[in-house]
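*Asks:* Supplied in structure tokens, the structure appears directly below.
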Amino acid sequence: MIDVNADFENLDMRINHFKQTGVGEALQLVYLVQEDEAIGGEKWTYMYDEILGFEYEPGYIYDLKVRKETVENPPQDASSARYILISVRSKQKAPEGENFKIYLKSFGENFVTKSGDELYLLNEYKIDCGSICETLSEDLETQENVTGSFTHGPNESLLLQSISYESKF
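Quick note: the sequence shown, position 16, residue 16 per the UniProt record's numbering, numbers continuous.
See below:
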């Protein structure tokens with residue numbers, strides 16, 4: 001139920017074509033967003049909150065109209081804002097073959113999970129690491145920071161192109 005007395009504002013928001021790793025209450029994948037005047041710029045910010053009514057599909061850049069409501073007395077470690085989808089203004093496929101970086105291990109926190117012989121980004125997206133799987137597994141064990149350069153693959157998979165050792169910050 002929506003509180004009609006809640007403080008709110010309507011925002012234009014752009015959601016990037018891939019999620020980034022983040023640490024909130026737990027390890028998680030977060031949206032990369034731009035709001036209002038920042039849309040179209042170089043800077044993307046992390047958004048840890050969900051957008052009620054929004055169904056995200058990786059590989060697409062979304063322009064949305066959202067309602068941002070202030071949550072009175074949120075629980076500890078919870079957001080003081082709630083986002084509700086008003087409309088999807090556009091859904092555009094990311095350019096074919098575009099490379100993007102995802103932090104796979106940052107400050108000792110490993111975001112890569114394993115199921116059988118397959119690697120996943122937090123059990124959500126399959127990582128196809130091709131001929132560099134062994135290197136990736138070793139680096140996740142021995143390096144403090146591991147970053148993957150990816151392209152989008154079939155069935156929401158991530159195709160690992162290269163590995164670097166840069167930090168998030």
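Just so you know, even glycine gets a beta-carbon here, dropped at the ideal spot from N, CA and C.
1. When you compare the CB positions of residue 102 and residue 20, do they come within less than 8 Å of one another, or not?
2. Select from 23, 41 and 7 the residue whose C-alpha is nearest the C-alpha of residue 108.
3. According to DSSP, is residue 11 part of a helix, a strand, or is it coil?
4. Does residue 49 come out as helix, strand or coil in the three-state DSSP assignment?
5. Using only the alpha-carbon positions, how far apart do residue 112 and residue 151 sit?
6. Roughly how many angstroms lie between the CA atoms of residue 90 and residue 142, to the nearest whole one?
7. Quick one: give me the first and last residue of the alpha helix (DSSP H) that residue 115 is part of.
8. Measure from the alpha carbon of residue 84 to the alpha carbon of each residue in 15, 68 and 72, then state which is nearest.
9. Is the beta carbon of residue 153 sitting closer than 8 Å to the one on residue 104?
10. Within 10 Å of its beta-carbon, does residue 125 have 16 or more other beta-carbons around it, so buried, or fewer, so exposed?
11. Please state if the CB of residue 159 and the CB of residue 128 are separated by a distance shorter than 8 Å.
*Replies:* To lay it out plainly:
1. yes
2. 23
3. strand
4. coil
5. 17 Å
6. 42 Å
7. Unbroken run through residue 115 is the beta strand (DSSP E), 112-115; no alpha helix (DSSP H).
8. 68
9. no
10. buried
11. yes
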